[in-house]
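Trainee: I am attaching a structure below and will ask some questions about it afterwards.
Chains as they are written, first to last, in my numbering: chain Z, 69 to 430; chain Y, 69 to 430.
This is how it looks when you write it as structure tokens:
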């Protein structure tokens, strides 16, 4: 085989507000590679199949001097994220040709040669699920939802702080605690909704389009609304108080949740997308309520929960996905050249579901 | 005995900012009572000895229509708080003449006749400690510090997230985790400092006067500063990161603690005095850090912790106070007529230590 173009998505400049396709990141075709002859130096050659585009990636588009929990992207180098690929050649005994692998630091390029295989794991796929599944519901978003729900929610089928809920009189069975899930149609939120329903809870869920609202209803949320057309405070005043808050938004929505919280409420801080394009700052005014209501607010990073929950995750979730008991949606885009636009869509919330870049067929 | 004047402190009007003595509360001498003949109707007659003035009382000075975790004071009625008294006469078999009792809803008056004895408990005082002790270090402030520290701090003598601390090279022994205690000279904070030192931690503590700073040093804090003359962010940048934050302040100080927090930090939300005289609202901007640093922020109300921790509290603390191993300070004012001024002093932080109203001798 002769050399082929090795397409790459490079980090080009630090954005001030929203990332700009072609400026923040650029699609580059200047590199070539010969897959048959490229030296592996004891490493592996991986063909990229599927890449994940996630909200948190905005946080890596910062000056290298600013510290955070994940490294900043390097100017001029490929951006990275969660991905799935197939091993084409291997000089590392841990991997063999045909193995499918995933990693949280998959470079955004067609072909990857790497000696350092830290973070690459062979995927066990006994249910023959599509590889994109391992980006979404069985990938980082799925792990995020599952592990933080298990670790922090303390979901109670019988509420320890029951409240009079006359508006629930039309339900035929008694309800457990109430959870409010933001970005409930997203890959994380939609799994949280389904885990909460399996735990017997009443689920209130919000999203930003009618299509997303419809999807949240389909997967079982009891109360769904479009936060762009309905005020969150109004819905929570009517359907609350809430015992658990799954926060992907921060800012005003977090204040609304504090107002609507029941005594002893648990807030699971997964993300604060309202702050990502405004310097990671959005004022929250009602924190005093954490005292009067004995609320706990817990932040987490999924990587720190993996050692504890990985085994239970892979035991529990793949069979439920294979049988269709857990539903999920994917929003698949074709080719590395779409990455810049998809990153922006995810920051603005205009994507329809878990955003996946399909880079190559298996 | 003929009728005597029964002095009372009445709630007179809802303040907008700081409470005003003589306007928010008034000292009233229009009621008389004959202790020998007043009808008890199956209840008790209690002589008030000591009353506690606490920051949280500002929260009860609100319109009755605004709900919160403690009831609003009633206009025209005596204000209430933690107090200690002695039973003068009793028609209730639970109490006998000479019993000393405390309650969190002690009315601010010289003599109390009550049939409803909910919340009144006989004080067990085997070490013959002064009754004022049961207002401060063995009263609500002491319970607040002890119970929340036990419940939430998870203090580690060997830090799970060790950091390079070159500035500690002059310490001869290795240090445990680091805690930052605000209002560290107050009745709650000063006990937190001592509990943290007993747990082997490095303690950073702040207060608002040189006298208070000196007291924090005396009770063992490693790093002390006056937040009015030294910037909190500067001290924390040099002496942090912090693993535990004892918050009595909220607002900007809470933001500074978020900036200085270590991975996995626990924030114990005891109070937010920076918000009490500005509508219980002070913006916090850096909450996104709870995610990147896996911070948990826990609010509590001491009453909800009592069932779990009361026994250990009374077993542990009184002997340590009696032996002098746990130090405490009291700021004693004489007579109910001083209550309005002392409430204001506590809101402004101009009192020197735990504010106690000495109402009558035993």
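Positions of the beta carbon are idealized from the N, C-alpha and C atoms, including for glycine. Here the structure is a predicted model, which means the values were calculated and not measured.
Give the straight-line distance between the Cα atoms of residue 390 of chain Y and residue 193 of chain Y, rounded to the nearest whole angstrom.
Mentor: Cα to Cα, residue 390 of chain Y sits roughly 11 Å from residue 193 of chain Y.
Trainee: Please report how far the alpha carbon of residue 242 of chain Y lies from the alpha carbon of residue 269 of chain Y, in whole angstroms.
Mentor: Annotation note: pLDDT 46 at residue 242 of chain Y (below 50); position unreliable, no value reported.
Trainee: Compute the Euclidean distance between the alpha carbons of residue 362 of chain Y and residue 96 of chain Z, then round it to the nearest angstrom.
Mentor: Approximately 36 Å, taken between the alpha carbons.
Trainee: Assign residue 80 of chain Y to one of two classes, buried (16 or more other C-beta atoms within 10 Å of its C-beta) or exposed (fewer than that).
Mentor: Buried, since its Cβ has 16 or more Cβ neighbours within 10 Å.
Trainee: For residue 200 of chain Z, count neighbouring Cβ atoms within 10 angstroms of its own Cβ and tell me buried if that reaches 16, exposed if not.
Mentor: Counting Cβ neighbours within 10 Å, residue 200 of chain Z comes out buried, since at least 16 surround it.
Trainee: If we cut at 7 Å on Cβ distances, does residue 347 of chain Z have a partner in chain Y?
Mentor: False, the Cβ-Cβ gap to chain Y never drops below 7 Å.
Trainee: DSSP three-state call for residue 266 of chain Y: helix, strand or coil?
Mentor: Helix.
Trainee: First and last residue of the alpha helix (DSSP H) that includes residue 283 of chain Z?
Mentor: From DSSP, the alpha helix (DSSP H) with residue 283 of chain Z extends over 278-286.
Trainee: Work out the CA separation of residue 342 of chain Y and residue 315 of chain Y for me, nearest whole Å.
Mentor: Distance between the alpha carbons of residue 315 of chain Y and residue 342 of chain Y is about 11 Å.
Trainee: Cα separation between residue 130 of chain Y and residue 306 of chain Y?
Mentor: One C-alpha to the other measures close to 41 Å.
Trainee: Taking only beta carbons into account, state which residues of the stretch 348-359 of chain Y come closer than 8 Å to chain Z, listed in chain order.
Mentor: Cβ contacts with chain Z: 348, 349, 350, 351, 352, 353, 354, 355, 356, 357, 358, 359.
Trainee: Going by DSSP, what residue range makes up the beta strand (DSSP E) through residue 345 of chain Y?
Mentor: Element bounds for residue 345 of chain Y: n/a, residue is neither H nor E.
Trainee: Of all the CB atoms in chain Y, is at least one closer than 7 Å to the CB of residue 368 of chain Z?
Mentor: Output row for residue 368 of chain Z: interface = yes.
Trainee: Ordered along the chain, which non-local residues of its own chain (more than five positions away) have a Cβ less than 6 Å from that of residue 238 of chain Z?
Mentor: Unreliable placement is indicated for residue 238 of chain Z, whose pLDDT of 39 sits below 50; no coordinate value is reported for it.
Trainee: Using the Cβ count rule (16 or more neighbours within 10 Å means buried), how would you classify residue 203 of chain Y?
Mentor: Its Cβ being crowded by 16 or more others within 10 Å, residue 203 of chain Y is buried.
Trainee: Roughly how many angstroms separate the alpha carbons of residue 160 of chain Y and residue 108 of chain Y, rounded to a whole number?
Mentor: Computed Cα separation, rounded: 9 Å.
Trainee: Once DSSP output is grouped into helix, strand and coil, what is the label at residue 317 of chain Z?
Mentor: Three-state result, residue 317 of chain Z: coil.
Trainee: Could you check how far apart the C-beta atoms of residue 36 of chain Z and residue 112 of chain Z are, in whole angstroms? I think they sit under 8 Å.
Mentor: Outside the shown range of chain Z (69 to 430) lies residue 36 of chain Z, about which nothing can therefore be said.
Trainee: Along chain Y, in chain order, which residues have C-beta atoms closer than 7 Å to that of residue 337 of chain Z?
Mentor: Going along chain Y in sequence order, the residues near residue 337 of chain Z (Cβ under 7 Å) are 358, 359.
Trainee: Hey, residue 73 of chain Y and residue 93 of chain Y are a contact pair by Cβ (cut 8 Å); roughly how many whole angstroms apart?
Mentor: Contact flag wrong, Cβ pair sits at about 18 Å.
Trainee: So with CB distances below 9 Å, who are the chain Y contacts of residue 464 of chain Z?
Mentor: Residue 464 of chain Z lies beyond the range of chain Z shown here (69 to 430); nothing can be said about it.
Trainee: Can you grab the Cα-Cα spacing for the pair residue 43 of chain Y / residue 114 of chain Y, in whole Å?
Mentor: Outside the shown range of chain Y, which is 69 to 430, sits residue 43 of chain Y, and nothing can be said about it.
Trainee: Determine whether the Cβ of residue 365 of chain Y lies closer than 7 Å to any Cβ atom of chain Z.
Mentor: Output row for residue 365 of chain Y: interface = yes.
Trainee: Below 8 Å, can you find three or more Cβ-Cβ pairs linking the stretch 378-397 of chain Y to the stretch 394-405 of chain Z?
Mentor: These segments do not touch.
Trainee: State the start and end residues of the unbroken alpha helix (DSSP H) segment that holds residue 219 of chain Z.
Mentor: That run of the alpha helix (DSSP H) goes 208-220.
Trainee: Against residue 372 of chain Z, what residues of chain Y qualify as contacts under a CB-to-CB distance less than 9 Å, listed in chain order?
Mentor: Those within 9 Å of residue 372 of chain Z in chain Y are 331, 332, 362.
Trainee: Name, please, each residue of chain Z whose Cβ falls closer than 7 Å to the Cβ of residue 166 of chain Y.
Mentor: What residue 166 of chain Y touches in chain Z: nothing, since even the nearest Cβ is about 37 Å away.
Trainee: Which chain Y residues are close to residue 208 of chain Z, counting only those with a beta carbon under 8 Å from its beta carbon?
Mentor: Here the premise fails: no neighbours, minimum Cβ distance about 14 Å.
Trainee: Please return the same chain residues whose Cβ sits closer than 8 Å to the Cβ of residue 351 of chain Z, not counting the five positions on each side in sequence.
Mentor: Hits under 8 Å: 319.
Trainee: Which word fits residue 181 of chain Z, buried or exposed, when buried means at least 16 other C-beta atoms lie within 10 angstroms of its C-beta?
Mentor: With 16 or more Cβ atoms within 10 Å of its Cβ, residue 181 of chain Z is classed as buried.
Trainee: Taking Cβ to Cβ, would you say residue 302 of chain Y is nearer than 7 Å to residue 333 of chain Y?
Mentor: No, these two residues do not count as a Cβ contact at 7 Å.
Trainee: For residue 195 of chain Y, count neighbouring Cβ atoms within 10 angstroms of its own Cβ and tell me buried if that reaches 16, exposed if not.
Mentor: Exposed.
Trainee: Between residue 250 of chain Z and chain Y, is the shortest Cβ-Cβ distance under 7 Å, so that the two count as touching?
Mentor: Chain Y contact via Cβ: absent.
Trainee: Could one say the Cβ of residue 340 of chain Y lies closer than 7 Å to chain Z's Cβ atoms, at least one of them?
Mentor: Chain Z contact via Cβ: present.
Trainee: If you drop the 5 nearest sequence neighbours on each side, which residues of the same chain put their C-beta closer than 6 Å to that of residue 423 of chain Z?
Mentor: Here the set comprises 121, 399, 410, 414.
Trainee: Whose CA, out of Z/267, Z/210, Z/425, Z/272, lies closest to the CA of residue 370 of chain Z?
Mentor: Residue 370 of chain Z has its Cα closest to that of Z/210, out of Z/267, Z/210, Z/425, Z/272.
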